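Enquirer: Handing you this structure, nothing more for now.
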């Protein structure tokens with residue numbers, strides 16, 4: 001019986017395919033559920049349909065296949081992020097945490113029977129080929145996507161390294177489908193990239209939250225301070241098009257810039273296990289016996305002026321970091337509204353090979369804001385680039401655009417943590433981009449044609465100017 005078994009679950013903090021973090025999870029029968037009568041009529045209908053298929057379907061169907069398909073439909077009908085994981089899907093989900101896998105480099109979800117691109121992963125075949133957020137993949141080689149599950153579609157895009165796959169893509173603003181040929185490759189995602197943009201100002205890009213992200217971030221910060229030789233005057237943390245990843249890595253990244261034990265995120269769900277509070281404490285982001293990763297980082301990194309860059313491709317773990325730094329008034333969030341994935345998925349193993357990925361809770365920022373279907377509103381809104389006088393034809397998709405998405409609980413009843421009530425989200429100041437260049441090709445880490453990034457550094461310099469003025473004594 002499920003109520004008597006203790007399972008090991010995996011907590012997901014990513015959009016689309018996502019990645020995972022191991023946690024202990026008890027599968028307990030709800031008392032209210034145990035007391036409720038079974039839906040006899042519905043179970044009778046299920047049994048009748050099962051029998052009709054066995055007796056009259058045009059070809060014989062294996063019992064196991066029918067049951068598996070019924071489970072898939074039952075779970076996938078709940079919300080866009082819950083699903084049944086067969087042996088291949090379960091293995092793939094576990095593999096993705098390592099930061100290296102074969103494929104095209106696309107974070108995807110299923111919408112109305114089609115594969116919808118959430119975000120291409122930087123420096124991958126999909127990114128270099130110009131795949132955009134919001135694209136619909138309708139055909140993979142000669143196979144129509146309609147009728148396939150998300151796992152089946154992903155399996156078709158995976159294959160032998162070096163072989164080609166042809167994607168047929170619908171894109172808003174295009175009169176006909178795009179035919180894009182990509183070569184499969186081993187996807188090695190370098191989750192942390194950094195550069196001293198100019199004397200005194202550091203740039204850190206996080207492409208995905210993986211197992212080594214927190215440790216690599218600590219090394220990047222130490223390197224920036226060492227190269228600059230004096231304390232930095234500002235840091236830009238770039239989370240654009242970062243689809244999320246490991247929850248403990250999101251906590252670790254936040255902890256790099258927040259005071260010890262500051263609240264980073266909390267979750268609310270129906271079971272006691274779904275209610276957790278994660279702070280900027282070592283035990284919440286580092287699970288090995290090594291010295292604290294941030295022992296090597298200068299103490300000034302906790303107070304240096306910061307800007308966090310976000311856009312509609314910043315999801316889940318990225319939104320947790322942006323929301324925590326915004327609520328604690330630690331950084332200005334710049335860019336456009338984020339994706340809005342504020343739900344927790346737990347991987348509950350059924351046996352050694354299969355599992356169910358089930359939405360079990362919602363995320364809340366330290367100030368009590370739910371990310372779900374709303375995302376993080378930037379303090380300064382800076383639109384993304386306009387390419388050669390034309391708007392980017394990618395249709396930016398967000399959580400609220402997905403079918404069956406969870407509602408935001410704040411729409412029904414406001415939840416505010418008293419310690420930070422009233423802090424965080426503000427009405428954005430709007431700025432518009434113009435004359436920026438296309439960057440679908442592998443881009444320079446700190447590009448002069450990146451309009452949003454240029455604005456981020458300008459904002460940092462204004463912050464530094466205001467700090468300098470505030471620290472000067474008043475003239476007589």
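In my numbering, the protein residues as written are 1 to 476.
Quick reminder that beta carbons are idealized off the backbone N, C-alpha and C, glycines included.
As the structure is a prediction and not an experimental result, all values here were calculated from the model.
(1) With the cut-off set at 8 Å, would you say residue 255 and residue 274 are in Cβ contact?
(2) Just tell me which of 321, 133, 85 has its CA closest to the CA of residue 239.
(3) Please report how far the alpha carbon of residue 246 lies from the alpha carbon of residue 473, in whole angstroms.
(4) Quick check on the DSSP output: the beta strand (DSSP E) that includes residue 320 runs from which residue to which?
(5) Taking only the alpha-carbon atoms, compute the straight-line gap between residue 301 and residue 63 and give it to the nearest angstrom.
(6) Terminal residues of the continuous alpha helix (DSSP H) containing residue 335?
(7) Under 8 Å, do residue 163 and residue 191 count as touching if we go by C-beta distance?
(8) Would you mind giving the Cβ-Cβ distance between residue 310 and residue 338, rounded to the nearest angstrom? I have them listed as a contact below 8 Å.
(9) To the nearest angstrom, report how far apart residue 224 and residue 277 are at their CA atoms.
(10) By the three-class DSSP mapping on this structure, what secondary structure does residue 51 have?
(11) Of all the beta strand (DSSP E) runs that stay within the bounds of the region 205-291, which reach a length of 3 or more residues?
(12) Pick helix, strand or coil for residue 150, following the three-state DSSP scheme.
(13) Taking contact to mean at least 3 C-beta pairs separated by less than 8 Å, is the region 140-155 in contact with the region 178-191?
(14) Can you tell which of 210, 209, 231 has its C-alpha closest to the C-alpha of residue 200?
(15) If I follow the unbroken alpha helix (DSSP H) through residue 369, where does it start and stop?
(16) Does DSSP put residue 384 in a helix, in a strand, or in coil?
(17) Around the C-beta of residue 392, are 16 or more other C-beta atoms found within 10 angstroms, so that it is buried, or is it exposed?
(18) Can you tell me where the alpha helix (DSSP H) with residue 125 in it begins and where it stops?
(19) Name the two residues that bound the continuous beta strand (DSSP E) containing residue 104.
(20) Where does residue 164 sit, in a helix, a strand or coil, going by DSSP?
(21) Would you call residue 437 buried or exposed, if buried means 16 or more other Cβ atoms sit within 10 Å of its Cβ?
(22) When you compare only the Cα positions, how much space is there between residue 456 and residue 73?
(23) On the three-pair Cβ rule with 8 Å, is the region 324-344 touching the region 250-270?
(24) Go through its chain and collect everything with a Cβ distance to residue 136's Cβ below 6 Å, but skip five positions before and after it.
(25) If you run the structure through DSSP and keep just helix, strand and coil, what is residue 408?
Expert: Checking against the coordinates, here is how it stands:
(1) In the chain shown, residue 255 corresponds to position 255, counting from 1. In the chain shown, residue 274 corresponds to position 274, counting from 1. Not a contact, by the Cβ cut-off of 8 Å.
(2) For this step, residue 239 is matched to residue 239 along the chain shown. That would be 321, whose Cα lies nearest to the Cα of residue 239.
(3) Here residue 246 corresponds to residue number 246 of the chain shown, with the count starting at 1. Here residue 473 corresponds to residue number 473 of the chain shown, with the count starting at 1. Approximately 46 Å, taken between the alpha carbons.
(4) Start at 1 with the first residue of the chain shown, and residue 320 comes out as number 320. No beta strand (DSSP E) contains residue 320, which is instead part of the alpha helix (DSSP H) from 317-327.
(5) Position 301 of the chain shown holds residue 301. Position 63 of the chain shown holds residue 63. So the two alpha carbons sit approximately 59 Å from each other.
(6) Numbered from 1 along the chain shown, position 335 holds the residue referred to as residue 335. Per DSSP, residue 335 belongs to no alpha helix (DSSP H); it is in the beta strand (DSSP E), 332-335.
(7) Locating residue 163 in the chain shown gives position 163, counting from the first residue. Locating residue 191 in the chain shown gives position 191, counting from the first residue. The answer is no: Cβ separation not under 8 Å.
(8) The residue given as residue 310 occupies position 310 in the chain shown. The residue given as residue 338 occupies position 338 in the chain shown. Yes, residue 310 and residue 338 are in contact; Cβ-Cβ is about 5 Å, under 8 Å.
(9) Along the chain shown, read from residue 1 onward, the residue named residue 224 stands at position 224. Along the chain shown, read from residue 1 onward, the residue named residue 277 stands at position 277. The straight-line gap from Cα to Cα measures roughly 31 Å.
(10) Walking along the chain shown from the start, residue 51 turns up at place 51. Of the three classes helix, strand and coil, the one that applies to residue 51 here is helix, per DSSP.
(11) 234-238, 263-269, 277-279
(12) Counting from 1 along the chain shown, the entry for residue 150 is found at position 150. Residue state, collapsed to three classes: helix.
(13) no
(14) In the chain shown, residue 200 corresponds to position 200, counting from 1. For the residues 210, 209, 231, the minimum Cα distance to residue 200 belongs to 231.
(15) Residue numbering aside, residue 369 sits at position 369 when the chain shown is read from its first letter. Premise fails: residue 369 is in no alpha helix (DSSP H) and is neither H nor E.
(16) If you number the chain shown from 1, residue 384 lands on position 384. Correct three-state label for residue 384: coil.
(17) Here residue 392 refers to the residue found at position 392 of the chain shown. Here the model assigns residue 392 a pLDDT of 48, short of 50, so the residue's position is not dependable, and the following value carries that caveat. Under this definition residue 392 is a buried residue.
(18) Numbered from 1 along the chain shown, position 125 holds the residue referred to as residue 125. 125-129 is the extent of the alpha helix (DSSP H) around residue 125.
(19) Start at 1 with the first residue of the chain shown, and residue 104 comes out as number 104. Looking at the DSSP string, residue 104 is not in any beta strand (DSSP E), and its letter there is neither H nor E.
(20) Here residue 164 refers to the residue found at position 164 when the chain shown is read from its first residue. Here residue 164 sits in strand by DSSP.
(21) Within the chain shown, residue 437 is the residue found at index 437, counting from 1. Confidence at residue 437 is low in this model, with a pLDDT of 36, below 50, so its placement is unreliable and no value can be given for it.
(22) As a first step, residue 456 is located in the chain shown; it is residue number 456 there, counting from the start. As a first step, residue 73 is located in the chain shown; it is residue number 73 there, counting from the start. Straight-line Cα distance between these residues: approximately 45 Å.
(23) yes
(24) Residue mapping note: residue 136 aligns to position 136 of the chain shown, counting from 1. Correct list, in chain order: 114, 116, 170.
(25) On the chain shown, position 408 is the one that residue 408 refers to. Three-state DSSP puts residue 408 in coil, outside helix and strand.
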